[in-house]
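There are 2 protein chains.
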Amino acid sequence: MVRVTFLPNNENIEIANGDSLWETILKAGIRPNSICGGKGICGRCKVLLKEGITEPTVQETELLSPEEIKKGIRLACQTRLYNNCTVEILPENRTGLQDIFPLNRVDNAKDFKSSFWLDANVEKIFLTVDKPSLLDQRSDWGRIKEALVRKKEKNLNYLQTPLPLLKKLPVLLREADFIVTVVICNGKITALEKGDTADKVFGMAFDLGTTTVAGYLIDLKTGKEVSALSKTNSQISYGDNIISRIDFTQNKENGLAILQKEIINTINELINETIQNTGISRDNIYEITIAANTCIHHLFLGIIPIYLASSPFLAAFNRGLSLKAKEIPALYLSPETNIYMLPTISAFIGSDVLAGILFNGMNDREEITLLIDLGTNGEVILSKNGELWACSTAAGPAFEGIGISCGMRAVEGAIDRVKLSKNTINRHVIGNGNPKGICGSGIIDLVSDMLRIGLIDKSGRLMTKKECPSGISEQIKNRLDIKSGENIFLLVKENETEEGKEIYLSQKDIREIQVAKAAIASGIKILLREAALETKDIGELFLAGSFGNFINIENAIKIDLLPNISLKRISLVGNAAGKGAELALCSRRIREIGEGIYKDVKYVELSTHPNFSKEFMETISF
Amino acid sequence: MVRVTFLPNNENIEIANGDSLWETILKAGIRPNSICGGKGICGRCKVLLKEGITEPTVQETELLSPEEIKKGIRLACQTRLYNNCTVEILPENRTGLQDIFPLNRVDNAKDFKSSFWLDANVEKIFLTVDKPSLLDQRSDWGRIKEALVRKKEKNLNYLQTPLPLLKKLPVLLREADFIVTVVICNGKITALEKGDTADKVFGMAFDLGTTTVAGYLIDLKTGKEVSALSKTNSQISYGDNIISRIDFTQNKENGLAILQKEIINTINELINETIQNTGISRDNIYEITIAANTCIHHLFLGIIPIYLASSPFLAAFNRGLSLKAKEIPALYLSPETNIYMLPTISAFIGSDVLAGILFNGMNDREEITLLIDLGTNGEVILSKNGELWACSTAAGPAFEGIGISCGMRAVEGAIDRVKLSKNTINRHVIGNGNPKGICGSGIIDLVSDMLRIGLIDKSGRLMTKKECPSGISEQIKNRLDIKSGENIFLLVKENETEEGKEIYLSQKDIREIQVAKAAIASGIKILLREAALETKDIGELFLAGSFGNFINIENAIKIDLLPNISLKRISLVGNAAGKGAELALCSRRIREIGEGIYKDVKYVELSTHPNFSKEFMETISF
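Protein chains in written order, with the numbering used here: chain R, 3 to 624; chain X, 3 to 624.
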């Protein structure tokens, strides 16, 4: 046995001789940074060994600097332990999994004014049930049904009741002295509560992203959003992209179960936080809806995702699915809580995209509309008179701040707006404190302004101090620097940041942005061509993504991320996937629409598309 | 700790000091006889202590003879163990739980000739599914559905699929090379099998009686009964009647769970035996239907039955219920197997009675019909132009051979027919071997003939040798004897029986028969009066019960068990409950009829009926 002690808390854990430090860290509940999911490729899972320092492996020699190796820094995934050791995992090498962030809240109530939209799948009805006597020997259930029929004046003959409720029925009814509230969901009685609880009807909508999970609590009586929180998907420790995670399910024993557990844990933490913040009871959440990309959708359900990623790229199923919380292992909701999974469209176009289509009513527009959803991948959807085309671009999570040296999500401490001129630099920090990093909208502003004043050329090359165009003030010019052999632009000096570490944009970061925007731009072009349209035909463009509400659209057009159309025709729609999941939670009619259109979306496979490489190469420059 | 050793096998078990021998015996898997369920009332759970003999308790002194106490016989439920002991439980003090008996088989195929009746809820469809390609990226499920639609030419848009199946789908489909058979049950795809298995479609119908459980295997492609077995309900160790068992759930920790486990075990054993005998696979049983009295129905589902037995006598619910095998703990069937519980009618009129009504088409008859179902209780149902009345009589299980000194069920070794004259006695034994006891039909024959030749008088009194009427031969007269101070009639001498123990009918046995037949006869009279009818109006009488096919109807009329109507108008219908459950398994239409009528049956509560005591006293004599 080997004892591993974690600093700073001195917690320790015993493991078998030769066990991997990566697995040990995960077991200890610590989430290391990782892109590759523990394969020794990305070099992110750095740990500082204080005692029991191991010999560096070949991978470590390649991925770590000599200074790091000398200090005792190793990669957790490359380290096997044969001696007791003491380990510190620096905060920057952990993912911010413990952080739950409030999201910009939207009051949906106004959108749901029409009763057409507020048509929830959950209904609570308060009942005073006839008490039994020798002259009235109807069954417990029979008298509830009779009271329901009396109140609703409907034929409820085929209303089903699950066994767990029937088991509780006799005792509960008598304890409640025959005064109860029934909960009807999906045409079934799913709960029975003592007394009058008809005013407590809640549901939650979730958007499960590769990187970020958002959870919204909705009052189903009003359609009002009561709470909106987001959290990093804790699957991220097993790879920051879908392909790494699919690999993990294929190559790791119990890989599927582990990833399922991680996404369920993330949801559980959002639910717990929501309950704690709002004071509502877990038992008053009767339904949740879930939008997700197809891989996370499969992982949440425990369905092997390997056929999503190998040709010919098939989902197990696409249609919407209703199930019960108890069917999902360790999902901490009342067991009979209904779960509605929105339909997915293809292996690469998930229900998050369908939710975006629904939120923006794209199925029902006469004008030509385009939706760009910038999550970890970028999805593009085009509609023309109800006809729909979709593609998924391998944009990567750059616009979520992931894969960028000092990138972060659009949460407190993120630089979300930058204004750079030849002489001055201004920035805005979410929460107005000291900055911790830069998020997608800030990156777009920065790149756009650097292009404008010539610090980046059309090819994307970052100037050195020497190459700096004339007319740039010394103050700005001095920000062009070199770090670990790479050209960078220094945005914030270390003494001005929250964590005492400088914030900068590197040449590599700019390349990431170029790849991302080229992927999206070529996707848009190919879709337009499929529909025999041109950029000028676009009537409205919806830009979705968790960064969406902060972005400077002019700058996004300047870097060719967005097509060059009139600003008036572009709307920022925020987390359209989450909002679409909210709509599906509030309206059965919306679900029906979704069930009606998912099959009709024409999925355009870019990887095999004859024009893709050409378009991509044409759009990679600024 | 105390060590208890069981003879003859010398198996032993360690228990805590002071533990009850009754519980220890149950733990050891031995089923003692019991009527009261371990309360020290019935005196049935006799054990022979060979070592560690305990002091007799007050109850034991009352319920056991001095000889028994001297020999070391004790009541298991009264014995607490403080010393190691050796125990023998004689075969006669065990219930015959290990015995599974084949039932008379009925070939239903002829009844199901019309496709109207063979309309099973399970359908299997063989499919050759399109293989995927980059030009056909429909989901796995999407291509199955498309193949289904092609084959069935139906709109299957709303066909649901349970999550466990979706989880298996991607791998199974590829392993099967896209050639599969789907199973559709209840409008859901419940299973997917590799290759063409469309010819293997089975279901089982069960009748759960207080004493006996019957299980029938049906080929759902033909409606043919493949196997029919019966077994003692192993709940019997906790009391041989419903009231004892309800008491047990109320007064014993986990009592409900224990009784649920016992009935599930009984069903499991019938399923196992059926599978073993027929060679069919457990996975090819796709649906089971269950008819039961309301208490066993509740116990099977794990619903507390206490409100069935206390005024105003309410069931938790009556309507039919569909559920999945996985919802019933440890029911050994494929988890997605559908279970259909037929509707019950009231706390005392179960789905076994509804099944009997369906089997005899009583809901749809113009003439007046009467159904008498002799199980552990006797239920009586009267129909008049589709109008239905029902009552439950506390007849007890005498006609099942229970509670009768030498009584047994109508299985191999039972005397099922007796012919007694003044000079001779003839008997028939099921299986033609040596007799082991007497079953209901034999008891009816014997009592009827004893009445005829004057060995029993009208009041039910059994003559002594002295009182024996003249004209009776010595051979018969000598059979009138005294045993343990009670008058008996010796039917078979000990050297002629299988187990070397004499078979006789006692005065107490005759009283049991009197109470049982009076209960039923008064129930019939009261129902007729409710419907403003008389005995002569009865157009057809159906006599159901597991003993049914052996009974001599003339004799049953002679002892006033059946009303005195023309024999031509009486049909023996066997286990009508089991047959009704079979019908419900084979026909959705039959289920619909059941769901339509259960509420309309007028239940007549005898216990509070003003005429009941009078009728009962009038019918107790022969």
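Beta carbons: idealized from backbone N, C-alpha and C, even for Gly.
1) Taking the DSSP output, what are the residues bridged to X/L482?
2) Applying the criterion that 16 or more other CB atoms from any shown protein chain within 10 Å of the CB defines a buried residue, is R/R591 buried or exposed?
3) I need the DSSP call for X/S36, collapsed to helix, strand or coil.
4) What alpha helix (DSSP H) runs, 4 residues minimum, are completely inside the region 216-261 of chain X?
5) With distances taken from CA atoms, which of X/M343, X/R513, X/V49, X/L92 is nearest X/G580?
6) With a threshold of 8 Å between beta carbons, is R/N320 in contact with chain X?
7) Grab me the residues of X/S508's own chain with a C-beta within less than 6 Å of its C-beta, minus the 5 sequence neighbours each way, in chain order.
8) Roughly how many angstroms separate the alpha carbons of R/D121 and X/N279, rounded to a whole number?
9) Could you check if R/A534 is buried or exposed, using at least 16 other CB atoms within 10 Å of its CB as the buried criterion?
10) Using the Cβ count rule (16 or more neighbours within 10 Å means buried), how would you classify R/T371?
11) Taking 8 Å as the CB-CB limit, is X/Q139 close to chain C?
12) Quick one: is X/E329 near chain R, going by C-beta distance under 8 Å?
13) R/Y309 versus chain X: which residues are under 7 Å apart at the beta carbon?
14) Does R/E607 get closer than 8 Å to chain X when you measure Cβ to Cβ?
15) Would R/L545 and R/V575 qualify as a contact pair, given that the criterion is a beta-carbon distance under 8 Å?
16) Give a yes or no on whether the C-beta atoms belonging to R/P164 and R/T183 are separated by under 8 Å.
17) Which residues mark the beginning and the end of the alpha helix (DSSP H) in which X/V184 is found?
18) Just the Cα atoms here: how many angstroms apart are R/I351 and R/L316?
19) When the Cβ atoms of the region 206-218 of chain R are set against those of the region 360-376 of chain R, are three or more pairs found closer than 8 Å?
20) I want to see whether chain R comes within less than 8 Å of X/L210, judged by CB atoms only; does it?
21) Check whether the Cβ of X/D21 lies closer than 8 Å to any Cβ atom in chain R.
22) Would X/T234 be called buried (16 or more neighbouring beta carbons within 10 Å of its own) or exposed?
23) Show which residues of chain X have a CB atom less than 9 Å away from the CB atom of R/K169.
24) What did DSSP end up calling X/L608 once you bin it into helix, strand or coil?
25) Starting from X/C44, trace the alpha helix (DSSP H) both ways and give me its first and last residue.
26) First and last residue of the alpha helix (DSSP H) that includes R/A355?
27) Using 8 Å for Cβ pairs, my map puts X/A457 next to X/L464. What's the rounded Cβ distance?
28) Select from X/R419, X/K169, X/G473 the residue whose C-alpha is nearest the C-alpha of X/S450.
29) DSSP state of X/I404, grouped into three classes?
30) With DSSP run on the structure shown, which of helix, strand or coil describes X/Q477?
31) Fully enclosed by the region 116-165 of chain R, which beta strand (DSSP E) runs are 3 residues long or longer?
32) Verify whether the separation of the beta carbon atoms of X/I561 and X/I505 is less than 8 Å.
33) The beta strand (DSSP E) spanning X/R5 covers which residue range?
34) Which value, in whole angstroms, describes the spacing of the CA atoms of R/G433 and R/A18?
35) For X/S609, which residues in the same chain have their Cβ closer than 7 Å to its Cβ, ignoring the five residues on either side in sequence?
36) In whole angstroms, give me the CA-to-CA distance for R/T130 and R/I146.
Let me spell this out:
1) X/F491
2) exposed
3) When secondary structure is reduced to three states using DSSP, X/S36 falls in the coil class, being assigned neither helix nor strand.
4) The region 216-261 of chain X contains these whole alpha helix (DSSP H) runs: 244-253.
5) Out of X/M343, X/R513, X/V49, X/L92, X/M343 has the C-alpha closest to the C-alpha of X/G580.
6) yes
7) S407, E488, I490
8) Linking R/D121 to X/N279 through their CA atoms gives a straight-line distance of about 54 Å.
9) exposed
10) buried
11) The structure shown has no chain C; the protein chains it does contain are R and X.
12) yes
13) Chain X residues near R/Y309: P172.
14) yes
15) yes
16) no
17) Here X/V184 belongs to no alpha helix (DSSP H); instead the beta strand (DSSP E) covers 181-187.
18) 11 Å
19) no
20) no
21) no
22) buried
23) Residues of chain X with a Cβ closer than 9 Å to the Cβ of R/K169 are, in chain order, L303, G304, I305, I306, A318.
24) coil
25) Looking at the DSSP string, X/C44 is not in any alpha helix (DSSP H), and its letter there is neither H nor E.
26) Position check: residue 355 of chain R holds Val in this sequence, whereas Ala was assumed. Counting along the chain, the alpha helix (DSSP H) containing R/V355 begins and ends at 353-361.
27) Here the sequence assigns Leu to residue 457 of chain X, which means Ala is not the residue at that position. Right, the Cβ-Cβ distance comes to about 7 Å (below 8 Å), so this counts as a contact.
28) X/R419
29) coil
30) helix
31) 124-130
32) X/I505 sits away from X/I561, with the two beta carbons spaced by 8 Å or more.
33) 4-9
34) 46 Å
35) none
36) 9 Å
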